[in-house]
Each structure stands twice: as structure tokens, then as C-alpha cells.
Amino acid sequence: MSFQSLAQKYRPAKFSEVIGQRFVVSSLKGGLLKQNLPRAMIFSGPRGTGKTTICRILAKALNCLNPVEGYEPCFSCYNCSAQKDLVSMTYFEVDGASYNGVEVVRELISTFQSLPPKPFQYKFYVIDEAHMLSNSAFNAMLKSIEEPPSHVYIALVTTEPEKIPTTVHSRCVHFELEAVPTQLIQQHLVTILERESIKIEENLLFEIAKLAKNSIRDALTLLDRFLLLNQIGEENLFTKWLNKSKDNRFINLLDYCLLNDPENALKNFKELMRDYSDLGFVLKSFSELCSEFLSYFVSPNADNERLTYLKQKHRHIPVNEITKKIIEILNFGDLALRSTFGETLFEACIVQVTSDVRKKDDQACEVANLEKTEAFRENINNNLEGFRELVEKELPAVKPYLKKAEFSYHVGERDFYLVIKISRVGLDLIKNSKDRILKMVKTFWPNFENYHLNFELQVDAIQKQTKLKENQSRLLTEFEKKLIDGAEKI
Ligand SMILES: [Zn+2]
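Quick note: the sequence shown uses the numbering used here, first residue 1233, plus one each step.
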């Protein structure tokens, strides 16, 4: 039994099969057609966008004896159909992350001089993750990069080109691959599924393409997972797994971190780990949420109920505080992913970012708020009658009922509640003017601009006892509750 991943099976073998990257591909075609290709090249770009794939095609095209249209490997000439062991004498792919020392690089360079077996013309060297090479390794390579033997091509492949020393950079031609647009990835998935004669719902494909975050390889890996489940009729498990990004516990985790509540934050994280048992996945989903939240916090342009709630709740925290905290969490997340004890490390991170030191800051903030609240309280006490007069003036129809109504308020840390206790008829008349009254609060007490304004209507208790039957009273209480709920959601 041999499993071949879709990424392997559908790895592009020709330039025309590469998804996206038209700019890079056309430049290379030009170089091949004019037989004027740089000897030393840097290929950079996000993961899974085809850097190494392009190098393999390029190496094959260079050695092809009869390239189609002058640049595509023909797959039928002696070189194109050569045995693996022969090809392995002309194409070298080394991993810069594991072979980053100067000794290994010197050894590699020492093989540059020998000619490729005939009729091959060129040797092609790919150093993957090239940014991981040590400085001395780069230095050892300088001369060879500047003047490689005429039968040698060198490609430095990297996701972090800025980490390649300028001395090396300036001696290479840099090809930058772009993130592959979600739509292109989706189209590619459709083509593959057609060839595999498998049907999948379009929106599921879109979800996969989106989740792959511009990486074709990741998209195909996700599709592999789907197909495995599909074989045993368990594709709903996959959908469930996909929906995890909508899992409210990610938002709760951020919420508790911002609230400095280590106990609940930890509990939430542990639950997520129990359900997904994949730290990489949990942290990735969490970081996506953080990024979404930050953009939303700065400019709330999208209609997002969950984020609105979170923003409303934490609007008193200065945005730089939130950013600082999120950066700290994500930095820890990054460390955790590379650690053998990642899960524990991230738990420690949660405790640290929600620790007591910060709570003290929060307490100081609360004290300041309390003082502010006191000042407001005095302001309201002195003006509550004036406010009633304003409402009476603005709502003449309810005036007689407002005269007998009881105006009161309570101020929370960040919330202001105006309470009007009024007769049932009065309540019916006033309930539709809720928004207008809240606007009046805003203009009458401009200091409240940073508060969340709420408005509660209550039925006058005396009236309730004397004039309403028990049944009506129950219905009214329910109605009141709904009204208050509604008011709280404003
Ligand atoms: Zn060929």
C-alpha cells in the first residue's frame, strides 16, 4: 500500500503548470530562451508557493536536449528520462537548516569543479532555507557565487530573504515569488478534483483554499485530509474540524487574557487543546483571531458580532496596551511551537500575561475610574430634574405621565444606566422613544461620551398592584425584561 499525497502527485513538472508567479516564470523563460540565465539566484517567497518546484523545473529545462518552445523540459530526451541516480549527479538539493556550517558548505563547493556526466551540460545546486546558513558559511560561498564554473547554477531558496547578507544578495539575481491568491488556489483544487473524479461542495473548497493562507501545499494537504475521511464516509468530521475557527473558545481565550483572568484563560486553553490536540493549529487559529481583532479594533469596518462584543467590552484599554499584550502572547506562541514543552510553555505565557503585576495596573485604572464616576454622580444628582424637564419638553405626549414618573440612574465602571419608573400607559407611550432619550442623555451630559449608555424602563409598582391583574403583571414583567435586555444590547 503506497500513499501518494496530492502535493506530490500534482507537483508541477513544467513552467506552464506552476500556479501564479507569472512574473518569475516569464523572467526565467526569457533567460532560457536567450540562454542568458544568472548563475546565482535567490528565490524567495512565502511557504508553499513553489520555490523549490520552480528550481527543479529550471534545472530540468536547462539540461533538456530538446526543450519544447525553447524553455519547457520535453520529458522524452535522454536527459529528461534519465534514471534517478544519473540525475542525482546533476541536481543537488541541500537543506540550509540542517547543513548550515562552514565545513558542509566547503564540501559542497568542492564538488562544483567536476563536470556533469555527458550528455548533461549543467549542475544545479539548490540550498533550501538558505537564510539559516551561518555567516562563515556565507563567506565561504562568496567567491563561488560571484564566479561559479560555467557548468554550475546556484539557487538560494528562502522564506526570509532579508536574512541573507547583502554581500551575497548583491551577487545574486533575486526572484520574488508571491503569495498565491485564494481564488487561484481554489481553481487549482477544482482542476485536481476533476482529474480525481471527486465531487466536493464549492464552499467547502473555498474554505480549504482560505484556510491554506496562500499556500498551495497547505491547501493540498488539507484536501488530502478531507479525501482520507471521505473514503470512510466521515467527511462531516472534516467540516467540524474546519469550523473550529468559528469556535467561540478562541475569542473567550483572548477575552480572558485581556481581562487578566488567568484561571479562566488557562481553562479555555486546556479545553481547546483537549479538543484539537494540535498546538500548532490552536495557536494558528488564535493568532488569526488576534490579527482580526486588532484590525477590527482600529477600524471596525466589517459587521462582526463577536468582535463588536469584544471591542465594546475592552474599549477602555488603550490600543497600545492591547497590542503589547497580543505581541507578547504571540511571541510566546512562536517559542512554544518550537519547544518540546510547547503546551506547558504557552500555559506559562497565559499566566504571565494575566499576572498580578498587570492586575495592579488595572486596579489603578479602576481607582481612577471610580473617582471619575464620583464626579459624574455629583453632576447627575445636580441635574436630574433638569433632565426630566428636557424629556418632558421633547416628548410632550408623555408629559403627564413623566410628571409622576421616578427618574433615577446607576453608574457602573464604564456603564451608565438611566432608569425611569413610570405607569404602564406611560411606559407604552415612551418605549418607542428609547433612542431619542439616550441621545438626550448624550447631549445633556456630554461627559458620558466614553460610557456605555443604557436605558431601563420600569413599571411603577404601586400602579401595578392597584390597577393590574396578576396575569397582566406577569406578562408585563416579561416584557420589561425583554426591554431591559434590548436596552443593554444598545
Ligand atoms: Zn528533454
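Built from N, CA and C at the ideal position, the CB exists for glycine as well.
Out of curiosity, what's the CA-to-CA distance linking Phe1235 and Val1583? Cα to Cα, Phe1235 sits roughly 43 angstroms from Val1583.
Beta-carbon proximity check, Ile1341 vs Ser1376, cutoff 8 angstroms: Their beta carbons are under 8 angstroms apart, which means Ile1341 touches Ser1376 by this criterion.
Under 7 angstroms, CB to nearest heavy atom of ligand 1: contacting residues: Having a Cβ closer than 7 angstroms to some heavy atom of ligand 1 are Cys1296, Leu1297, Asn1298, Pro1299, Pro1305, Cys1306, Phe1307, Ser1308, Cys1309, Asn1311 and Cys1312.
Report yes or no: do the segment 1484-1503 and the segment 1549-1560 share at least 3 C-beta pairs separated by less than 8 angstroms? Yes, they touch.
CB contact flag (Met1672, Leu1616, <8 angstroms): For the 8 angstroms CB-CB criterion, Met1672 and Leu1616 do not form a contact.
How would you label Lys1350, buried or exposed, when you count the other beta carbons within 10 angstroms and need 16 or more for buried? Per the 10 Å Cβ criterion, exposed.
How close, in whole Å, do the beta carbons of Phe1344 and Val1400 come, if the pair is a contact with beta carbons under 8 angstroms? Rounded to whole angstroms, the Cβ separation of Phe1344 and Val1400 is 16 angstroms, and the two are not in contact under 8 angstroms.
Find the nearest neighbour of Val1412 within the set Phe1324, Thr1322 and Ala1451, judged by alpha-carbon distance. Minimum Cα distance to Val1412 is reached at Ala1451.
Where do the ends of the alpha helix (DSSP H) carrying Asn1295 lie? Run containing Asn1295: Lys1283 to Asn1295, per the alpha helix (DSSP H) assignment.
Return no unless some Cβ of chain D is closer than 8 angstroms to the Cβ of Ser1308. Included in the structure is just one protein chain, with no chain D present.
Less than 6 angstroms between C-beta atoms, sequence neighbours within five positions excluded: which residues of the same chain meet that for Ala1329? Cβ within range, chain order: Glu1361 and Met1364.
Give me the Cβ distance between Phe1356 and Leu1294, rounded to the nearest whole Å; I'm assuming they're in contact under 8 angstroms. About 7 angstroms; that satisfies the 8 angstroms criterion.
In chain order, each beta strand (DSSP E) run of at least 3 residues that lies wholly inside the segment 1378-1428: Entirely contained in the segment 1378-1428, the beta strand (DSSP E) runs reaching 3 residues are, in chain order, 1384-1390 and 1405-1408.
Write down the C-beta distance between Leu1297 and Cys1287 rounded to the nearest angstrom, noting that I regard them as a contact closer than 8 angstroms. Between the beta-carbon of Leu1297 and that of Cys1287 there is about 20 angstroms, and that puts the pair past the 8 angstroms contact cut.
Please name the residue in Leu1670, Ala1637, Arg1481 and Lys1241 whose C-alpha comes closest to that of Asn1655. Per the sequence presented here, residue 1655 reads as Ser, with Asn not at that position. Nearest neighbour of Ser1655 by Cα position, chosen from Leu1670, Ala1637, Arg1481 and Lys1241, turns out to be Ala1637.
Residues bridged to Ile1483 by DSSP? When DSSP reads this structure, Ile1483 sits in no beta bridge, so it has no partner.
What distance in whole Å lies between the Cβ atoms of Thr1281 and Phe1447, which are believed to be in contact at a cut-off of 8 angstroms? It is worth fixing the name first, because residue 1447 is Ser in this sequence and not Phe. Between Thr1281 and Ser1447 the Cβ distance is about 7 angstroms, and since that is below 8 angstroms, they are a contact.
If you draw a straight line from the C-alpha of Thr1284 to the C-alpha of Phe1255, how long is it? Each residue's Cα considered, the two are about 16 angstroms apart.
Alpha carbon to alpha carbon, what distance is there between Glu1304 and Asn1268? Rounded to whole angstroms, Asn1268 to Glu1304 spans 15 angstroms at the Cα level.
Local Cβ density within 10 Å of Ser1237, reported as buried at 16 or more and exposed below that: A residue is called buried once 16 or more other Cβ atoms fall within 10 Å of its Cβ, and Ser1237, having fewer, is exposed.
Member of Leu1485, Val1514, Thr1391 and Glu1434 whose CA lies at the smallest distance from the CA of Pro1278: Pro1278 has its Cα closest to that of Thr1391, out of Leu1485, Val1514, Thr1391 and Glu1434.
Can you tell me the Cβ-Cβ gap for Cys1404 and Leu1425, rounded? I've got them flagged as a contact below 8 angstroms. Your pair Cys1404 and Leu1425 does not check out as a contact, with CB atoms roughly 38 angstroms apart and the cut at 8 angstroms.
Ala1272 - containing beta strand (DSSP E), residue span: Residues Ala1272 to Ser1276.
Reduced DSSP category for Leu1459 - H, G, I as helix; E, B as strand; rest coil: Helix, per DSSP.
Would you call the CB atoms of Phe1648 and Asn1686 closer than 8 angstroms? Remark: C-beta atoms of Phe1648 and Asn1686 approach each other more closely than 8 angstroms.
How is the alpha helix (DSSP H) around Val1691 delimited, first residue to last? Note, Val1691: premise wrong, no alpha helix (DSSP H); beta strand (DSSP E) at His1684 to Val1691.
Since Phe1324 is in the beta strand (DSSP E), which residue starts that stretch and which ends it? Where Phe1324 is concerned, the enclosing beta strand (DSSP E) stretches over Tyr1323 to Asp1327.
CB contact flag (Phe1407, Ser1259, <8 angstroms): Taking 8 angstroms as the Cβ cut-off, Phe1407 and Ser1259 qualify as a contacting pair.
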